[in-house]
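Enquirer:
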Amino acid sequence: MLDQWIGARTPWELLAGAALIALSVGSVIRLATLGGCSPEKRRGHLGSLRTWWILLLMLLAASALGPWGVSLLLAGAGAIALDEFLRLTTPDLPRGVRRVWIAVLVLTNYAMIVAAPNFDSRPVVVLLIGWSLVIPHLISDSPRRYLEHVGHALWGALVLVWGVGHAAWLVARDIPGDDLETRVGWFLLLVILTEFNDIFQALIGRAIGKHRILPTVSPHKTWEGFLGGMLFTIIAAGALQSVLRLRPLANQEIDQPYPLLAMLGAAAVVAISGFVGDLNISCVKRDKGVKDGSTLLPGQGGMVDRIDSLSFTAPALVLWTTLV
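To convert, count from 1 in the sequence shown and add 130; that's this note's numbering.
(1) Output the boundary residues of the alpha helix (DSSP H) element that contains arginine 313.
(2) I need the straight-line Cα distance from alanine 446 to tyrosine 276, nearest angstrom please.
(3) Let's test the definition: count the other Cβ atoms within 10 Å of the Cβ of lysine 340 and tell me whether it reaches 16, buried, or not, exposed.
(4) Once DSSP output is grouped into helix, strand and coil, what is the label at histidine 350?
(5) Using 8 angstroms as the threshold, is the segment 342 to 359 in touch with the segment 162 to 180, meaning 3 or more CB pairs across them?
(6) Drop a sphere of 10 angstroms on the beta-carbon of valine 321, count the other beta-carbons inside from all chains shown, and report buried for 16 or more, exposed for fewer.
(7) Where does the unbroken beta strand (DSSP E) through leucine 344 begin, and where does it stop?
(8) Give the range of the alpha helix (DSSP H) segment to which proline 141 is assigned.
(9) Do you know whose CA, among Leu202, Asn410, Asp213 and Ile329, lies nearest glycine 432's CA?
(10) Apply the 10 Å Cβ neighbour rule to glutamine 386 and answer buried if 16 or more other Cβ atoms are within range, or exposed otherwise.
(11) Could you tell me which of Leu376, Leu144, Gly404 and Ile411 sits nearest to tryptophan 285, measuring between CA atoms?
(12) Would you say leucine 204 and glycine 315 are within 8 angstroms of each other, going by their C-beta atoms?
(13) For isoleucine 437, count the other beta carbons within 10 Å of its own beta carbon; 16 or more makes it buried, fewer makes it exposed. Which is it?
(14) Below 8 angstroms on the Cβ atoms is my contact criterion, and I expect asparagine 239 with valine 255 to pass it. Report the Cβ-Cβ distance as a whole number of Å.
(15) Would you grab the beta carbon distance between phenylalanine 330 and glycine 358 for me? Rounded to a whole angstrom, and I think it's under 8 angstroms.
(16) Kindly say whether tryptophan 353, judged by its beta-carbon, lies nearer than 8 angstroms to any beta-carbon of chain C.
(17) Per DSSP, what kind of secondary structure is glycine 431 in: helix, strand or coil?
(18) Which one of Leu427, Thr443, Ser441 and Thr452 has the shortest CA to CA distance from tryptophan 182?
(19) Which same chain residues, not among the five before or five after leucine 379, have their C-beta less than 6 angstroms away from its C-beta?
(20) Quick one: measure Cβ to Cβ for alanine 401 and threonine 346, integer angstroms, because I've assumed they're closer than 8 angstroms.
(21) Cα separation between leucine 391 and threonine 324?
(22) Taking the alpha carbon of alanine 298 as the reference point, which residue from Ile243, Leu333, Phe326 and Val420 has its own alpha carbon closest?
(23) Taking C-alpha atoms, which residue in Leu145, Leu409 and Asp222 lies nearest to leucine 189?
(24) Can you tell which of Cys167, Thr312, Leu223 and Arg336 has its C-alpha closest to the C-alpha of arginine 375?
(25) Apart from the five residues on each side of it in sequence, which residues of its chain come closer than 7 angstroms, Cβ to Cβ, to asparagine 248?
(26) Are alanine 367 and alanine 397 touching if we call contact CB-CB under 8 angstroms?
(27) Taking the beta carbon of lysine 421 as the centre, do at least 16 other beta carbons fall within 10 Å, making it buried, or is it exposed?
(28) Please look up how many angstroms separate the CB atoms of valine 200 and valine 301, rounded, as I've assumed it's under 8 angstroms.
(29) Taking its Cβ as the centre, do 16 or more other Cβ atoms sit within 10 Å of tryptophan 135, making it buried, or is it exposed?
(30) For serine 262 and leucine 235, which I take to be in contact (beta-carbon distance under 8 angstroms), what is that distance rounded to the nearest angstrom?
(31) In terms of residues, what are the limits of the alpha helix (DSSP H) holding lysine 421?
Dropping the structure here:
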């Protein structure tokens with residue numbers, strides 16, 4: 131009976147249900163532990179909890195709408211994150227110039243992803259990022275702080291627009307034996323595993339972490355947390371795939387579930403790349419002497435803090451599923 135019920139559900143329904151149940155359980159545990167917290171800490175925890183619920187509902191609504199919904203969500207998140215990034219790294223850049231450049235870049239990237247699914251637009255976006263930064267400096271005939279401005283903006287755009295854009299490409303790309311439900315399933319699996327890994331690395335690190343990995347860059351990151359988070363992410367991926375039975379993303383004409391061993395490898399790739407993505411933005415914040423990218427998301431910092439891991443896990447998973 132249960133097998134029949136699961137078999138009749140779409141990947142979106144199963145993953146949405148799993149995410150809602152997991153966050154509900156986490157919310158109950160969080161609320162139960164607020165009693166011994168100071169008022170300030172309690173406000174922070176409650177703010178973080180509200181943020182998680184808002185983000186999850188937005189994610190589920192966007193993914194239910196397919197490529198356009200996912201692209202709108204990621205375009206908005208990427209634009210906000212890149213704006214936060216550039217405010218930190220190049221504060222002297224005029225706000226109007228910064229936001230027009232971000233808007234053109236983000237809209238072009240996601241419009242090509244959605245409107246031309248048969249065309250791999252990723253190399254075009256890299257060229258657009260580079261040319262849009264270099265040409266204005268050449269026209270101005272001023273080398274002053276050239277490397278600083280171009281380097282900061284180039285890295286931010288590659289990570290937060292090009293990198294995160296791979297998650298939308300998972301849903302929009304044209305695949306032999308096309309099946310939108312499977313593509314949406316892979317997208318949700320990517321986001322869920324990315325966040326699951328972040329959360330469990332932090333929880334395990336706090337509980338048993340003793341050996342710091344990079345004390346200066348991120349003093350709370352430990353080997354115990356990193357390895358424990360990876361282990362739990364791999365277990366979660368295996369359990370989810372045994373229920374979802376997602377087909378290979380590279381070619382859905384193959385009427386067989388994606389191999390379990392390959393899915394476990396994908397989870398390890400997500401855990402490692404997510405860890406690096408987190409540290410990447412941590413380095414930027416430490417360099418600029420700030421704790422968070424902004425205060426946009428109560429209890430969680432800025433948008434750049436929320437999608438830092440995804441900026442590395444999305445291209446890493448696309449590459450893995452293309453090769454394996």
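Yeah, the Cβ is synthetic: ideal placement off N, Cα and C, and Gly gets one too.
Bear in mind the structure is a predicted one, so any value in this text is a computation, not a measurement.
Expert: Let me lay it out:
(1) 310 to 338
(2) 30 angstroms
(3) exposed
(4) strand
(5) Output reads no: the segment 162 to 180 does not touch the segment 342 to 359.
(6) Classification of valine 321: buried, given that the 10 Å Cβ count is 16 or more.
(7) Element bounds for leucine 344: 342 to 344.
(8) 141 to 162
(9) Ranked by Cα distance from glycine 432, the options Leu202, Asn410, Asp213 and Ile329 are led by Asp213.
(10) Counting Cβ neighbours within 10 Å, glutamine 386 comes out exposed, since fewer than 16 surround it.
(11) Ile411
(12) no
(13) buried
(14) 5 angstroms
(15) 7 angstroms
(16) The chain inventory of the structure shown lacks chain C, comprising one protein chain alone.
(17) strand
(18) Leu427
(19) Trp316 and Thr451
(20) No, alanine 401 and threonine 346 are not in contact; Cβ-Cβ is about 23 angstroms, not under 8 angstroms.
(21) 19 angstroms
(22) Ile243
(23) Relative to the Cα of leucine 189, the nearest Cα in the group Leu145, Leu409 and Asp222 belongs to Leu145.
(24) Thr312
(25) Contacts found: Asp304.
(26) It is a contact, given that the beta carbons lie within the stated cut-off.
(27) exposed
(28) 5 angstroms
(29) exposed
(30) 7 angstroms
(31) No alpha helix (DSSP H) contains lysine 421, which DSSP labels as neither H nor E.
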